[in-house]
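Under the numbering used here, think of the first position of the sequence shown as 557, with each following residue one higher. Inspection log for the structure reproduced underneath, given as structure tokens.
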Amino acid sequence: MTFDVKRVRAAYPALTDGYAYLDGAAGTQAPEAVIEAIAQTYRSGIGNEGGAFPASGRADRIVAECRSAVADLTGAEPDGVILGPNMTTLTYRLADTLSRQWGPGDEVVVSRLDHDANVRPWVQAAARSGATLRWAEVDSSTAELPAAQYRDLLSDRTRLVAVTAASNIVGTRPDVPAIAAAAHAVGALCYVDGVHATPHVPVDVRALGADFYATSAYKWSGPHIGTVVETLHPDKLAPAPSGVPGRFERGTAAFADLAGVAAAVDHLAVLDDSAAGSRRERLLASMAAVERYEGQLFTRLLDGLGAMGHVTLYGKAARRTPTAFFTLDGYTPGEVAARLAARQVNVWNGDNYAWELAGAFGLRDSGGAVRAGLVHYNDEAEVDRLLAAVAELTPGGVR
Ligand SMILES: Cc1ncc(COP(=O)(O)O)c(C=O)c1O
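Right under this line is the structure:
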């Protein structure tokens with residue numbers, strides 16, 4: 557297993573602009589291969605799908621290759637890959653569709669760990685259909701989402717459990733297989749938000765037990781495209797087609813961007829350049845190397861921030877992505893982000909749409925916190941730049 561961060565960084569043109577991009581949890585930069593795949597789609601001529609001429613055939617192939625790439629990334633079947641503009645739009649679409657079968661007496665379970673995109677669509681769909689909403693709570697001192705609570709939350713009336721594979725502000729990775737198994741035991745579906753987890757860990761939707769797994773390509777070096785992988789396998793007659801995605805996709809696809817998605821998956825598959833085998837096997841090896849590398853970098857970040865008396869860190873889950881959420885005594889999160897931006901360090905401030913979790917931390921009305929989200933192209937020098945800048949921002953420091 558090898559991970560050469562210098563080689564990896566060289567693939568990203570934007571990383572030469574002098575800024576430390578510690579904002580990856582809100583969106584990553586694109587490698588040259590992705591930019592080129594998008595440009596090449598337009599250069600070669602592109603038509604709409606299903607026509608008799610070559611430019612249309614190229615669109616057909618791009619869509620098929622994109623589904624197959626996302627299937628490799630997540631361990632799913634290409635026929636179950638639904639493509640759309642972003643995760644939020646697709647989740648609203650699925651919530652709207654699934655909730656048409658719900659009614660009074662049915663129950664839906666959401667969590668306070670989740671990004672609002674995997675909360676509000678279900679809350680609103682439940683309200684519309686008359687279903688009862690139940691909340692899985694976070695331990696605010698650790699930011700863990702205890703799986704054991706689902707035993708009490710679920711009943712034979714539960715229709716759907718929505719849960720994240722990782723928190724976008726504190727990185728907590730809950731025990732999704734246990735939660736999904738509990739959901740399945742009562743006949744409920746499990747909708748997993750994989751947007752924040754996918755860039756950081758090897759993904760196997762079957763091992764997770766996800767009936768639906770949502771990702772956004774722009775969080776893993778691709779363009780602004782969302783995907784939901786559907787893994788349901790209802791019995792069907794042998795000659796009947798098995799594909800579902802078309803039913804959830806509306807209008808003409810963003811073909812060039814879809815070409816970029818496939819290129820991003822190919823790029824992830826070579827992050828460990830010693831990895832061999834099929835694209836799926838290389839992805840699993842590469843993402844394992846990414847997880848290990850990011851883990852080391854995150855330890856450096858947490859140790860550094862943890863040693864500073866004026867820093868309060870939120871969340872300390874046992875399993876987490878490299879995502880730090882913190883406040884500094886004497887500065888609002890907005891002020892910290894602006895000071896860091898002046899030193900060419902990109903971080904986010906606010907609740908980052910983890911609206912419920914920010915509330916559980918008591919930060920919703922005070923501007924949230926600062927988020928530094930590492931990804932595989934960050935390096936020690938960037939972490940050290942962040943630490944040096946934060947060290948200067950003591951309450952009595954130079955304003
Ligand atoms: C964990 C998580 N879920 C969902 C979303 C929403 O994704 P999209 O922007 O593709 O709608 C985000 C975006 O930041 C996220 O971090």
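A virtual CB, placed ideally from N, CA and C, is assigned to each residue, including glycine. If you're wondering where the values come from, they're calculated on a predicted model, not measured in any experiment.
CB of residue i within 8 angstroms of CB of residue j, strictly
i: S777; j: A586; result: yes
i: T720; j: L669; result: yes
i: V619; j: A627; result: no
i: V666; j: A916; result: no
i: A673; j: T644; result: yes
i: K562; j: A699; result: no
i: W904; j: R927; result: yes
i: G640; j: G782; result: yes
i: H823; j: V590; result: yes
i: L716; j: L629; result: no
i: F881; j: A809; result: no
i: G765; j: A737; result: yes
i: C622; j: L840; result: no
i: R838; j: A819; result: no
i: F884; j: V946; result: According to the sequence shown, residue 884 is Leu rather than Phe. Their beta carbons are under 8 angstroms apart, which means L884 touches V946 by this criterion.
i: Y933; j: Y575; result: no
i: A615; j: W678; result: no
i: P951; j: G860; result: no
i: E663; j: S711; result: yes
Distance cut-off 7 angstroms: residue i Cβ against heavy atoms of ligand 1
i: M643; result: yes
i: N604; result: no
i: A873; result: no
i: Y747; result: no
i: S772; result: yes
i: H756; result: no
i: G782; result: yes
i: D597; result: This sequence places Thr at residue 597; Asp is not what is there. The answer is no for T597.
i: N674; result: yes
i: A582; result: yes
i: T720; result: yes
i: N902; result: no
i: N905; result: no
i: Y909; result: yes
i: V726; result: no
i: V751; result: yes
i: H671; result: yes
Boundaries of the beta strand (DSSP E) in which residue i is found, first to last residue
i: I594; result: Unbroken run through I594 is the alpha helix (DSSP H), 588–599; no beta strand (DSSP E).
i: E786; result: 782–786
i: W904; result: 904–906
i: R927; result: 925–929
i: F609; result: First-last for F609: undefined, no H or E at that position.
i: I735; result: No beta strand (DSSP E) holds I735; the alpha helix (DSSP H) holding it covers 732–741.
i: T879; result: 879–884
i: E663; result: 663–667
i: D767; result: No beta strand (DSSP E) holds D767; DSSP gives it neither H nor E.
i: A1025; result: Past the edges of the chain, shown from 557 to 955, lies residue 1025, and the structure says nothing about it.
i: L869; result: 867–870
i: D749; result: 745–749
Residue i at chain D interface by Cβ criterion, 8 angstroms
i: A627; result: Reference to chain D is not applicable here, since this structure consists of a single protein chain.
Expected contact under 8 angstroms - CB spacing of residue i and residue j to nearest Å
i: L853; j: V564; result: That belief does not hold up - the Cβ atoms of L853 and V564 are roughly 12 angstroms apart, past 8 angstroms.
i: G580; j: L943; result: Wrong, their Cβ atoms sit about 17 angstroms apart, outside the cutoff.
i: V817; j: P779; result: 6 angstroms
i: P878; j: E850; result: 4 angstroms
i: F559; j: A845; result: 4 angstroms
i: K775; j: V748; result: Not really, about 15 angstroms apart at Cβ, beyond 8 angstroms.
i: V939; j: R856; result: 5 angstroms
i: R941; j: V892; result: The pair is not a contact, with the Cβ atoms about 14 angstroms apart (cut-off 8 angstroms).
i: A753; j: A722; result: 4 angstroms
i: W658; j: S685; result: 4 angstroms
Endpoints, alpha helix (DSSP H) assigned at residue i
i: R690; result: It is not in any alpha helix (DSSP H) - R690 instead sits in the beta strand (DSSP E) that spans 688–692.
i: V564; result: 561–566
i: R856; result: 835–862
i: V946; result: 936–948
i: A898; result: 889–898
i: Y648; result: 643–654
i: G640; result: Here G640 belongs to no alpha helix (DSSP H); instead the beta strand (DSSP E) covers 637–640.
i: F917; result: Looking at the DSSP string, F917 is not in any alpha helix (DSSP H), and its letter there is neither H nor E.
i: L814; result: 811–825
i: L709; result: 706–709
i: R676; result: 676–685
Q. Is the stretch 594–606 close to the stretch 752–759, with three or more CB pairs under 8 angstroms?
A. no
Q.
With a threshold of 8 angstroms, are at least 3 pairs of Cβ atoms found where one atom belongs to the stretch 688–705 and the other to the stretch 644–652?
A. no
Q: Would you check if there are 3 or more beta carbon pairs closer than 8 angstroms linking the stretch 905–914 to the stretch 725–743?
A: yes
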